[in-house]
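Colleague:
Residue numbers (the working numbering): 792 to 941.
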(Lines of atoms letter the chains of each structure in order from A and count residues from 1; the text may use other names and numbers.)
(Lines give C-alpha, C1' and ligand atoms only; values in the text may rest on other atoms or scores of the structure.)
Protein backbone atom coordinates (compact mmCIF):
# COMPACT_ATOMS: atom_id res chain seq x y z
CA UNK A 1 0.00 0.00 0.00
CA UNK A 2 3.06 2.28 0.17
CA UNK A 3 2.69 3.18 -3.52
CA UNK A 4 -0.98 4.20 -3.21
CA UNK A 5 -2.96 6.94 -1.53
CA UNK A 6 -6.74 7.22 -1.26
CA UNK A 7 -8.57 10.05 -2.99
CA UNK A 8 -12.02 11.22 -2.00
CA UNK A 9 -14.62 13.43 -3.58
CA UNK A 10 -17.88 14.63 -2.19
CA UNK A 11 -20.35 16.89 -3.91
CA UNK A 12 -23.39 18.74 -2.71
CA UNK A 13 -25.97 21.19 -3.97
CA UNK A 14 -26.25 24.29 -1.80
CA UNK A 15 -29.69 25.51 -0.76
CA UNK A 16 -28.61 29.07 -1.62
CA UNK A 17 -25.59 30.84 -3.11
CA UNK A 18 -22.42 30.92 -1.02
CA UNK A 19 -22.91 34.61 -0.24
CA UNK A 20 -26.45 34.10 1.09
CA UNK A 21 -26.96 34.63 4.84
CA UNK A 22 -28.41 31.14 5.30
CA UNK A 23 -25.09 29.60 4.14
CA UNK A 24 -22.87 31.93 6.21
CA UNK A 25 -22.12 29.43 8.99
CA UNK A 26 -21.02 26.84 6.46
CA UNK A 27 -18.74 29.35 4.72
CA UNK A 28 -17.35 30.56 8.07
CA UNK A 29 -16.32 27.00 8.92
CA UNK A 30 -14.53 26.24 5.64
CA UNK A 31 -11.14 27.67 6.63
CA UNK A 32 -11.08 26.20 10.16
CA UNK A 33 -12.14 22.73 9.00
CA UNK A 34 -9.68 22.83 6.08
CA UNK A 35 -6.91 23.82 8.50
CA UNK A 36 -7.75 20.82 10.69
CA UNK A 37 -7.62 18.57 7.63
CA UNK A 38 -4.22 19.90 6.63
CA UNK A 39 -2.85 19.30 10.14
CA UNK A 40 -4.31 15.81 10.39
CA UNK A 41 -2.07 12.75 10.29
CA UNK A 42 -2.15 11.20 6.83
CA UNK A 43 -3.31 14.32 4.98
CA UNK A 44 -1.59 14.68 1.58
CA UNK A 45 -3.38 17.20 -0.65
CA UNK A 46 -6.72 18.89 -1.31
CA UNK A 47 -8.24 20.71 -4.25
CA UNK A 48 -8.22 24.45 -3.65
CA UNK A 49 -8.18 27.76 -5.44
CA UNK A 50 -6.49 31.03 -4.50
CA UNK A 51 -8.99 31.53 -1.66
CA UNK A 52 -7.80 28.33 0.02
CA UNK A 53 -10.90 26.27 -0.68
CA UNK A 54 -12.61 24.80 -3.73
CA UNK A 55 -15.95 26.61 -3.63
CA UNK A 56 -15.19 28.90 -6.55
CA UNK A 57 -13.97 26.08 -8.80
CA UNK A 58 -16.69 25.49 -11.37
CA UNK A 59 -17.46 21.77 -11.49
CA UNK A 60 -20.99 21.77 -12.88
CA UNK A 61 -23.18 24.09 -14.97
CA UNK A 62 -25.30 24.47 -11.83
CA UNK A 63 -23.49 27.13 -9.73
CA UNK A 64 -24.96 25.67 -6.51
CA UNK A 65 -23.04 22.40 -6.95
CA UNK A 66 -19.82 22.42 -4.95
CA UNK A 67 -17.21 19.75 -4.38
CA UNK A 68 -14.48 18.82 -1.99
CA UNK A 69 -11.64 16.58 -3.10
CA UNK A 70 -8.60 15.43 -1.17
CA UNK A 71 -5.91 12.76 -1.02
CA UNK A 72 -4.88 10.88 2.11
CA UNK A 73 -2.25 8.31 2.99
CA UNK A 74 -4.92 5.78 3.95
CA UNK A 75 -8.64 5.28 4.37
CA UNK A 76 -8.08 5.17 8.11
CA UNK A 77 -6.43 8.60 8.10
CA UNK A 78 -9.27 10.08 6.06
CA UNK A 79 -11.85 8.45 8.29
CA UNK A 80 -10.16 9.83 11.42
CA UNK A 81 -10.44 13.35 9.98
CA UNK A 82 -14.07 12.82 8.92
CA UNK A 83 -14.89 11.84 12.50
CA UNK A 84 -13.05 14.88 13.93
CA UNK A 85 -15.24 16.99 16.19
CA UNK A 86 -15.15 20.20 14.12
CA UNK A 87 -15.91 18.37 10.88
CA UNK A 88 -18.68 16.32 12.48
CA UNK A 89 -20.22 19.42 14.08
CA UNK A 90 -20.67 21.28 10.81
CA UNK A 91 -21.74 18.15 8.90
CA UNK A 92 -24.47 17.47 11.46
CA UNK A 93 -25.95 20.73 10.21
CA UNK A 94 -25.72 19.79 6.51
CA UNK A 95 -29.51 19.95 6.02
CA UNK A 96 -29.28 23.68 6.80
CA UNK A 97 -26.90 24.20 3.89
CA UNK A 98 -27.39 21.44 1.31
CA UNK A 99 -30.17 19.68 -0.54
CA UNK A 100 -30.70 16.06 0.41
CA UNK A 101 -28.67 13.89 -1.97
CA UNK A 102 -30.77 11.63 -4.17
CA UNK A 103 -27.76 9.53 -5.19
CA UNK A 104 -24.21 8.82 -4.09
CA UNK A 105 -22.38 12.04 -3.25
CA UNK A 106 -19.08 10.59 -2.02
CA UNK A 107 -16.59 8.33 -3.77
CA UNK A 108 -13.20 6.97 -2.78
CA UNK A 109 -10.53 5.53 -5.09
CA UNK A 110 -6.84 4.70 -5.05
CA UNK A 111 -4.29 6.96 -6.73
CA UNK A 112 -0.54 6.48 -7.14
CA UNK A 113 1.52 8.33 -4.55
CA UNK A 114 2.12 11.86 -5.85
CA UNK A 115 -1.02 11.99 -8.00
CA UNK A 116 -3.37 14.95 -7.74
CA UNK A 117 -6.71 13.96 -9.26
CA UNK A 118 -8.71 16.48 -11.26
CA UNK A 119 -12.39 17.35 -10.89
CA UNK A 120 -12.97 15.41 -14.12
CA UNK A 121 -11.33 12.33 -12.56
CA UNK A 122 -13.51 12.72 -9.49
CA UNK A 123 -16.76 13.07 -11.43
CA UNK A 124 -15.85 10.02 -13.52
CA UNK A 125 -15.39 7.98 -10.33
CA UNK A 126 -18.60 9.32 -8.80
CA UNK A 127 -20.59 8.63 -11.99
CA UNK A 128 -19.20 5.09 -12.08
CA UNK A 129 -20.16 4.51 -8.45
CA UNK A 130 -23.66 5.83 -9.09
CA UNK A 131 -24.12 3.64 -12.17
CA UNK A 132 -22.43 0.44 -11.00
CA UNK A 133 -22.15 0.48 -7.24
CA UNK A 134 -18.91 0.04 -5.30
CA UNK A 135 -15.96 -1.52 -7.12
CA UNK A 136 -12.18 -1.14 -7.11
CA UNK A 137 -12.70 1.82 -9.50
CA UNK A 138 -14.84 3.79 -7.02
CA UNK A 139 -16.00 2.74 -3.57
CA UNK A 140 -17.31 4.00 -0.25
CA UNK A 141 -16.31 3.87 3.40
CA UNK A 142 -18.83 1.06 3.86
CA UNK A 143 -17.76 -0.97 0.81
CA UNK A 144 -13.98 -0.67 0.66
CA UNK A 145 -11.45 -2.15 -1.71
CA UNK A 146 -7.77 -2.58 -1.01
CA UNK A 147 -5.17 -0.61 -2.95
CA UNK A 148 -3.89 -3.81 -4.53
CA UNK A 149 -7.14 -3.98 -6.53
CA UNK A 150 -6.61 -0.53 -8.06
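Glycine residues also receive a C-beta, built at the ideal position from the N, C-alpha and C atoms.
Only a predicted model underlies this, so the values are computations on that prediction, with no experimental measurement involved.
#1: How many whole angstroms separate the CB atoms of residue 862 and residue 824, which I take to be in contact at a CB cut-off of 8 angstroms?
#2: Got a sec? Which residues, its chain only, sit under 6 angstroms from residue 828 by beta carbon, not counting five neighbours each side?
#3: Taking C-beta to C-beta, are residue 800 and residue 860 nearer than 8 angstroms?
#4: Residue 904 by DSSP, collapsed to three states: which one?
#5: Per the DSSP calculation, residue 857 is bridged to which residue(s)?
#6: In this structure, does DSSP put residue 898 in helix, strand or coil?
#7: Does the segment 919-933 come into contact with the segment 810-824, if we say contact requires no fewer than three beta-carbon pairs (one atom in each stretch) closer than 8 angstroms?
#8: Would you decide whether residue 808 is buried or exposed? Buried here means 16 or more other CB atoms lie within 10 Å of its CB.
Modeller: According to the structure shown:
#1: At roughly 17 angstroms, the Cβ-Cβ gap does not stay under 8 angstroms, so residue 862 and residue 824 are not in contact.
#2: Contacts found: 834 and 872.
#3: yes
#4: coil
#5: 803
#6: strand
#7: no
#8: Looking at its Cβ environment, which holds fewer than 16 other Cβ atoms inside 10 Å, residue 808 is exposed.
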